[in-house]
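Enquirer: Counted from 1, the sequence shown has number 50 at position 42 by the numbering used here; the numbering is strictly sequential.
Using N, Cα and C, we set each Cβ at its ideal position, and we do this for glycine too.
Quantities reported herein were computed from a predicted structural model and do not represent experimental measurements.
Take a look at the following structure, please.
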Amino acid sequence: METLTISGLSKTYTNGVQALSNVSLTIPVGMFGLLGPNGAGKSTFMRTIATLQEPDKGTIILGETDVLKNKHQVRKKLGYLPQEFGVYPRVSADVLLNHLAVLKGITNKKERTEIVKALLYKTNLYEKRKKNLGSYSGGMKQRFGIAQALLLNPTLLIVDEPTAGLDPAERNRFHNLLNELSAATIVILSTHIVEDVKELCTSMAIICNGKVLLTGNPLQAIEDIKGKIFSKVIKKSQHETYNEQYTIIADRLFQGNTVIHIFSDGDPGNGFKPVEADLSDVYFSQIFGQFTSVKKQY
Ligand code: ADP
Numbered sequence: 009m010e011t012l013t014i015s016g017l018s019k020t021y022t023n024g025v026q027a028l029s030n031v032s033l034t035i036p037v038g039m040f041g042l043l044g045p046n047g048a049g050k051s052t053f054m055r056t057i058a059t060l061q062e063p064d065k066g067t068i069i070l071g072e073t074d075v076l077k078n079k080h081q082v083r084k085k086l087g088y089l090p091q092e093f094g095v096y097p098r099v100s101a102d103v104l105l106n107h108l109a110v111l112k113g114i115t116n117k118k119e120r121t122e123i124v125k126a127l128l129y130k131t132n133l134y135e136k137r138k139k140n141l142g143s144y145s146g147g148m149k150q151r152f153g154i155a156q157a158l159l160l161n162p163t164l165l166i167v168d169e170p171t172a173g174l175d176p177a178e179r180n181r182f183h184n185l186l187n188e189l190s191a192a193t194i195v196i197l198s199t200h201i202v203e204d205v206k207e208l209c210t211s212m213a214i215i216c217n218g219k220v221l222l223t224g225n226p227l228q229a230i231e232d233i234k235g236k237i238f239s240k241v242i243k244k245s246q247h248e249t250y251n252e253q254y255t256i257i258a259d260r261l262f263q264g265n266t267v268i269h270i271f272s273d274g275d276p277g278n279g280f281k282p283v284e285a286d287l288s289d290v291y292f293s294q295i296f297g298q299f300t301s302v303k304k305q306y
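Written as structure tokens, this is what we have:
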């Protein structure tokens with residue numbers, strides 16, 4: 009099975025923003041979560057791998073193929089679902105998927121009919137295939153987006169922030185679909201929802217300010233900070249004082265008081281209690297120090 013190897017990827021936009029800074033990642037078949045706050049560089053990274061924009065530096069190798077030097081060849085093996093996937097509201101799923109299949113070069117009618125039908129089944133849209141896309145829910149539109157991304161049976165599927173605006177049931181169905189696909193495909197999922205990565209991904213990277221802060225298995229990353237996360241209920245007015253003394257990685261209001269989480273190598277004493285670490289503690293302990301204003305709301 010193929011692996012995607014990214015080495016030294018950098019990109020600075022003409023306005024001077026460095027969106028990617030020497031990013032190197034190895035991404036195997038399965039679900040790979042790309043986690044980072046808004047502006048971290050996730051979309052830039054995804055668009056670059058999807059051959060939609062050029063980096064300033066770096067290489068992307070899919071299996072044996074140099075992606076940046078063989079864009080046409082790679083596009084045949086690549087599916088991409090952008091953050092904003094626009095559909096034509098007055099056209100049915102069946103008609104639009106057929107049309108997109110023609111554009112992607114599936115010109116044989118019999119073959120096309122079979123592929124379209126199979127994809128509509130796979131994405132659970134077959135029953136509603138004659139309905140106009142304008143009548144689809146957010147989740148159905150996202151599943152249609154996946155159907156079009158799968159037209160060429162890609163070995164690499166790139167999905168940018170797919171669950172924004174989906175209700176829990178739709179999100180669940182969408183996750184199941186991605187999970188099923190990831191058995192034989194490299195699926196890169198960009199998100200700022202930490203739980204999605206924990207539930208779905210066997211490997212991940214946390215990026216911030218265009219840099220990779222951590223990469224590995226999510227459960228291993230939680231294991232690595234085990235025993236280092238402590239919690240305490242404090243008064244709202246004490247927040248400033250605690251903030252000066254400790255590295256607060258999360259806070260939330262609880263019945264008028266504030267519950268804080270801190271990262272500490274040893275027992276900090278002072279009434280702090282050890283708590284079970286979660287991926288959000290991994291995430292916020294990593295990006296804290298990059299953006300002091302980012303705090304977890306949990
Ligand atoms: P994310 O997807 O993690 O939110 P992006 O890759 O969209 O991050 O953006 C990374 C940084 O690059 C941000 O500071 C953003 O404002 C900037 N950026 C993104 N696209 C462009 C562009 N076309 N021109 C200039 N700056 C951009």
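Quick check on the burial criterion: 16 or more other C-beta atoms within 10 angstroms. Buried or exposed for Ser145?
Expert: With fewer than 16 other Cβ atoms within 10 Å, it is exposed.
Enquirer: Pick out whichever of Val241, Lys240, Val205, Ile215 has its Cα sitting closest to the Cα of Leu227.
Expert: If we check each option's Cα against that of Leu227, Val205 comes out closest.
Enquirer: Identify the residues that DSSP records as bridge partners of Ala213: which are they?
Expert: Beta-bridge pairing links Ala213 to Leu42, Thr223.
Enquirer: Using 7 Å as the cut-off, classify the Cβ of Ser145 as near or not near the heavy atoms of ligand 1, replying yes or no.
Expert: Result no, Cβ not under 7 Å from ligand 1.
Enquirer: Look at the Cβ atom of Phe280, then the Cβ atom of Thr255, and state whether they are nearer than 8 Å.
Expert: No, they are not a contact pair.
Enquirer: How about Tyr291: is its Cβ closer than 7 Å to a heavy atom in ligand 1?
Expert: Flag unset: Cβ of Tyr291 not near ligand 1.
Enquirer: With respect to 7 Å, is the separation between the Cβ of Asn46 and the closest non-hydrogen atom of ligand 1 below this value?
Expert: It does: the Cβ of Asn46 is within 7 Å (strictly closer) of some heavy atom of ligand 1.
Enquirer: Are the Cβ atoms of Val99 and Leu141 separated by less than 8 Å?
Expert: It is a contact, given that the beta carbons lie within the stated cut-off.
Enquirer: Does the Cβ of Asp232 have 16 or more other Cβ atoms within 10 Å, making it buried, or fewer, making it exposed?
Expert: Label assigned to Asp232: exposed.
Enquirer: Lys84 lies in the alpha helix (DSSP H); which residues open and close that run?
Expert: No alpha helix (DSSP H) holds Lys84; DSSP gives it neither H nor E.
Enquirer: Would you say the stretch 33 to 52 touches the stretch 208 to 224, given that touching needs at least three Cβ pairs under 8 Å?
Expert: Contact holds: three or more Cβ-Cβ distances are below 8 Å.
Enquirer: Of all the beta strand (DSSP E) runs that stay within the bounds of the stretch 117 to 194, which reach a length of 3 or more residues?
Expert: Counting only runs of 3 or more, we get 164 to 168.
Enquirer: Roughly how many angstroms lie between the CA atoms of Thr22 and Pro45, to the nearest whole one?
Expert: Their Cα atoms are separated by approximately 22 Å.
Enquirer: With a Cβ-Cβ cutoff of 8 Å, do Phe238 and Val290 count as a contact?
Expert: In this structure, Val290 does not lie closer than 8 Å to Phe238 by Cβ.
Enquirer: Using a 10 Å radius around the Cβ and a threshold of 16 neighbouring Cβ atoms, would you call Gly94 buried or exposed?
Expert: By the 10 Å Cβ count, Gly94 comes out exposed.
Enquirer: Once DSSP output is grouped into helix, strand and coil, what is the label at Val25?
Expert: Val25 falls in the coil class under three-state DSSP.
Enquirer: Could you please give the first and the last residue of the uninterrupted beta strand (DSSP E) stretch that includes Leu60?
Expert: Premise fails: Leu60 is in no beta strand (DSSP E) and is neither H nor E.
Enquirer: Short check: CB of Gly147 to CB of Leu127, under 8 Å?
Expert: For Gly147 and Leu127, no; Cβs fall outside 8 Å.
Enquirer: Among Asn265, Gln294, Leu197, His247, which one has its Cα closest to the Cα of Ala58?
Expert: Ranking the options by Cα distance to Ala58, first place goes to Leu197.
Enquirer: Helix, strand or coil: which one does DSSP assign to Phe53?
Expert: Three-state result, Phe53: helix.
Enquirer: Could you check how far apart the C-beta atoms of Leu60 and Leu12 are, in whole angstroms? I think they sit under 8 Å.
Expert: Contact doesn't hold; Cβ gap of about 16 Å is too wide.
Enquirer: Classify Ser190 as buried or exposed, calling it buried when 16 or more other Cβ atoms lie within 10 Å of its own Cβ.
Expert: So Ser190 counts as buried.
Enquirer: Among all the DSSP beta bridges, which residues are the ones paired with Lys384?
Expert: Residue 384 is absent from the model: the chain starts at 9 and stops at 306.
Enquirer: Should Lys65 be listed as close to ligand 1, given that the test is whether its C-beta is under 7 Å from any heavy atom?
Expert: No, ligand 1 has no heavy atom inside 7 Å of this Cβ.
Enquirer: CB of Thr59 to nearest heavy atom of ligand 3: below 7 Å?
Expert: Within the structure as shown, ligand 3 is missing, the only ligands being ligand 1.
Enquirer: Under the rule that 16 or more other beta-carbon atoms within 10 Å means buried, what is Val82, buried or exposed?
Expert: Counting Cβ neighbours within 10 Å, Val82 comes out buried, since at least 16 surround it.
Enquirer: Can we say the stretch 146 to 163 touches the stretch 176 to 189, given the rule of at least three CB pairs closer than 8 Å?
Expert: Yes: the two stretches touch, three or more of their Cβ pairs being nearer than 8 Å.
Enquirer: I believe Leu159 touches Ile194 by the beta-carbon criterion, under 8 Å. Please report the beta-carbon distance rounded to the nearest angstrom.
Expert: The pair is not a contact, with the Cβ atoms about 17 Å apart (cut-off 8 Å).
Enquirer: With DSSP collapsed to three states, give me the class of Ile201.
Expert: In the structure shown, Ile201 sits in coil (DSSP, three-state: anything other than H, G, I, E or B).
Enquirer: Using a threshold of 8 Å, state whether the C-beta atoms of Gly153 and Leu86 are closer than that.
Expert: For Gly153 and Leu86, no; Cβs fall outside 8 Å.
Enquirer: Is the beta carbon of Gly218 sitting closer than 8 Å to the one on Gly49?
Expert: The answer is yes: Cβ separation under 8 Å.
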